[in-house]
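Numbering (our numbering), first residue to last: 85 to 127.
C-beta: ideal position from N, C-alpha, C; glycine also.
Bear in mind that the values here come from a model prediction, so they are computed numbers and not experimental data.
The next block holds one structure in the form of structure tokens; read it before the comments.
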């Protein structure tokens, strides 16, 4: 069974940043979708 990852979304004057419970983080939404295996990110 695949481990469920929790996502924290942070917004500041710099923009959005996503943090994953596995320790991974990004400010790029496409990378976030790739990290979670989503086939296509919405524009």
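CB of residue i within 8 Å of CB of residue j, strictly
i           : j           : result
residue 120 : residue 89  : yes
residue 91  : residue 106 : no
First through last residue of the alpha helix (DSSP H) which encompasses residue i
i           : result
residue 88  : Note, residue 88: premise wrong, no alpha helix (DSSP H); not H, not E.
residue 119 : 113 to 119
Cβ shell of residue i (< 7 Å), same chain only, five flanking positions each side left out
i           : result
residue 93  : 100 and 102
residue 108 : 119
Residue range of the unbroken beta strand (DSSP E) whose run includes residue i
i           : result
residue 104 : 99 to 104
Neighbourhood of residue i by C-beta distance below 6 Å, restricted to the same chain and skipping five residues each side
i          : result
residue 98 : none
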